[in-house]
Amino acid sequence: DEPFFAHYLRWAQPFAAEVQGRIGCVPGMALHLWHGDPVNRQYGSRNAILKRYRFDPATDLGMNAAGLWEWASAKAGLHRDVQAYFTSRREDG
37 DEPFFAHYLR
47 WAQPFAAEVQ
57 GRIGCVPGMA
67 LHLWHGDPVN
77 RQYGSRNAIL
87 KRYRFDPATD
97 LGMNAAGLWE
107 WASAKAGLHR
117 DVQAYFTSRR
127 EDG
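Here the sequence shown stands for residues 37 to 129, where the numbers follow the numbering used here.
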């Protein structure tokens, strides 16, 4: 979606300019916390929700006094469907 993609580009372009295609790696092991079974992660449905409601981080999100992200728009359907998405992921098993 255009607003979401534009927000991504504003975030990504400074990194691309700095890196200029130069990347590398180091030997080692990468560890991560368990986020549930891959079958429950539903990445495609997440993107469908964001597209359906024309999610725009610049207007749909805001930062509260504690520095935490919170909804800043009145898109009740977006808020409900995102909450349902995260609940359905069953990240705790």
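Built from N, CA and C at the ideal position, the CB exists for glycine as well. Note that the coordinates shown come from a computational prediction; the quantities given were computed from them, not determined experimentally.
Counting only runs that start and end inside the segment 64-119, the beta strand (DSSP E) elements of at least 3 residues fall at 97-99, 105-107. The alpha-carbon of Ser81 is positioned some 20 Å away from that of His43. For Asn100, the CB contacts under 6 Å within the same chain, skipping 5 residues up- and downstream, are Glu106 in chain order. The criterion of a C-beta distance shorter than 8 Å is not satisfied by Leu114 and Asp92. Separation of Leu86 and Phe40 (C-alpha to C-alpha, rounded to the nearest whole angstrom) is 9 Å.
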